[in-house]
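Enquirer: After the structure tokens below, expect a handful of questions from me.
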Ligand code: MN
Ligand code: MN
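Residue numbers (this note's numbering): 123 to 516.
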């Protein structure tokens, strides 16, 4: 008889086998993708039931290439679970412009690499002009016109909009508006002749190449109505972090960034072997963006449902409001990701803190906890923890 092929070795990869459950894959397989999502292929036996997809990679999103850069988006068209927030990853080459525009949704941003200059004018004619670098970002309220221009290094940034149905291809562009307004109306509006409008672009420009702008001071124009009352730019990456045993969090919402009335954001760093503790958010869905490292997250959806997803740099994750979850660093490098919420404030409920602060008898009777476990309960909330190696039960 012929020797049995050794499937796992032959595939140099994982097989959907967990204990006595499962079996090898005999049909077609996409090993590269399976290796990126081992917890989908070989789901923990605690996973169960039907849950929406909660992971999508920007690598799987259409990329819109322009002379000057590119943009790709992950919205509720890519992920049905992304209801409250849509994300855009945008690259601008040195000097390139994301042209002057506005949109219904508010826009929050985080600079991933490089530097940019942002400008805005609000409904009272108050101005804003500032430069941002890596770890900085901005918030433009709903409907406020703005622009982004890369400085000499060029840049790439993440944009988060406070509506999952947002589309980067449906913003209001100043060129597009004027290209679709009768020329005599434009002339009458500005008090010029139609001949003066000969060079108006015939269609939208969106992202276009341009020279690197001069210094902030050189570029700053008149501002008879003053600056906007609340700064539109933030420095999330250089905020003082709240550090705990397994890493740190930097929490930003309208309490420390007053302009941001609809987006709360947390920059989370998780050391190898550590995890973002079991918790949920009482006030909003969570939208995540993974900046570096590797992670896995199990989302508990009530009614005995739970699904585990794996993440790496460039991935988007979602957690519907109130669903319990953790985020574990599964790699050998530091895990860095953003949690974002459509809310004016950040809030989470810690499982550990809840149990620690509930009547002991009640907790013990409910969960049958032994003395070790009762003593381990921690009344102090620790968002990112390393309490020793998490191990699988035998
Ligand atoms: Mn915008
Ligand atoms: Mn969370």
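Idealized CB from N, CA, C, for every residue including glycine.
Predicted, not measured: the structure shown is a model, and the values here were computed from it.
Considering only residues of the same chain and omitting the five flanking positions on each side of residue 128, which have a CB-CB separation below 6 Å?
Expert: With a pLDDT of 45 at residue 128, under the threshold of 50, the modelled position of that residue is not reliable, and the figure given next carries that caveat. Counting only Cβ-Cβ distances below 6 Å, and skipping sequence neighbours, we find nothing.
Enquirer: Helix, strand or coil for residue 321 per DSSP?
Expert: Residue state, collapsed to three classes: coil.
Enquirer: Hey, is residue 262 close to ligand 1, as in C-beta under 7 Å from one of its heavy atoms?
Expert: Yes; taking the cut-off as 7 Å, the Cβ of residue 262 has a heavy atom of ligand 1 nearer than that.
Enquirer: Under 8 Å between the Cβ atoms of residue 235 and residue 221?
Expert: The answer is no: Cβ separation not under 8 Å.
Enquirer: Flag residue 401 as yes when its Cβ comes closer than 7 Å to any non-hydrogen atom of ligand 2, and as no otherwise.
Expert: Result yes, Cβ under 7 Å from ligand 2.
Enquirer: Check whether the Cβ atoms of residue 330 and residue 219 lie closer than 8 Å to each other.
Expert: Yes. Within cutoff.
Enquirer: What would DSSP say about residue 123, mapped onto helix, strand or coil?
Expert: Model confidence at residue 123 stands at a pLDDT of 44, short of 50, so the residue's coordinates are unreliable and nothing is read from them.
Enquirer: Ordered along the chain, which non-local residues of its own chain (more than five positions away) have a Cβ less than 8 Å from that of residue 345?
Expert: Closer than 8 Å at Cβ, skipping near neighbours: 248 and 249.
Enquirer: Hey, could you find the ends of the alpha helix (DSSP H) residue 474 is sitting in?
Expert: 473 to 478 is the extent of the alpha helix (DSSP H) around residue 474.
Enquirer: Just grab the DSSP bridge partners of residue 83 for me.
Expert: Beyond the ends of the chain as shown, which are 123 and 516, falls residue 83; an answer cannot be given.
Enquirer: Are the beta-carbon atoms belonging to residue 449 and residue 392 less than 8 Å from one another?
Expert: Cβ distance < 8 Å, so residue 449 and residue 392 count as in contact.
Enquirer: Helix, strand or coil: how does DSSP classify residue 182 here?
Expert: Helix, per DSSP.
Enquirer: At which residues does the alpha helix (DSSP H) containing residue 312 begin and terminate?
Expert: Residue 312 -> alpha helix (DSSP H) spans 305 to 312.
Enquirer: Assign residue 219 to one of three DSSP states: helix, strand, or coil.
Expert: Strand, per DSSP.
Enquirer: Are the Cβ atoms of residue 108 and residue 228 separated by less than 8 Å?
Expert: A question about residue 108 goes unanswered here, because the residues of the chain that appear run from 123 up to 516.
Enquirer: Taking all protein chains shown into account, decide if residue 307 is buried (16 or more other Cβ within 10 angstroms of its Cβ) or exposed.
Expert: Residue 307 is exposed by the Cβ-count criterion.
Enquirer: On the premise that residue 237 lies in contact with residue 253, defined as a C-beta separation below 8 Å, what is that separation, rounded to the nearest angstrom?
Expert: So it is a contact: roughly 6 Å between Cβ atoms.
Enquirer: Report yes if the C-beta of residue 467 is less than 7 Å from at least one heavy atom of ligand 2; otherwise report no.
Expert: No - ligand 2 has no heavy atom lying nearer than 7 Å to the Cβ of residue 467.
Enquirer: To test your reading of the DSSP string, which unbroken beta strand (DSSP E) runs of 3 or more residues are found completely within the region 345 to 416?
Expert: As far as the region 345 to 416 is concerned, its whole beta strand (DSSP E) runs of at least 3 residues are 364 to 366, 369 to 374, 386 to 392, 397 to 402 and 408 to 414.
Enquirer: Run the CB neighbour count on residue 381, radius 10 Å, all protein chains shown included, and call it buried at 16 or more, exposed below.
Expert: Flag for residue 381 reads buried.
Enquirer: Going by beta-carbon coordinates alone, are residue 168 and residue 428 separated by less than 8 Å?
Expert: In this structure, residue 428 lies closer than 8 Å to residue 168 by Cβ.
Enquirer: Output the residue ranges of the alpha helix (DSSP H) runs that lie fully inside the region 139 to 213 and measure 4 residues or longer, sorted by chain position.
Expert: Complete alpha helix (DSSP H) runs here, min 4: 153 to 158 and 160 to 163.
Enquirer: According to DSSP, is residue 89 helix, strand or coil?
Expert: The structure shown has nothing for residue 89, since the chain only spans 123 to 516.
Enquirer: Quick one: measure Cβ to Cβ for residue 338 and residue 251, integer angstroms, because I've assumed they're closer than 8 Å.
Expert: That belief holds up - the Cβ atoms of residue 338 and residue 251 are roughly 7 Å apart, short of 8 Å.
Enquirer: Residue 293 by DSSP, collapsed to three states: which one?
Expert: Looking at residue 293 - three-state DSSP - the assignment turns out to be coil, as it is neither helix nor strand.
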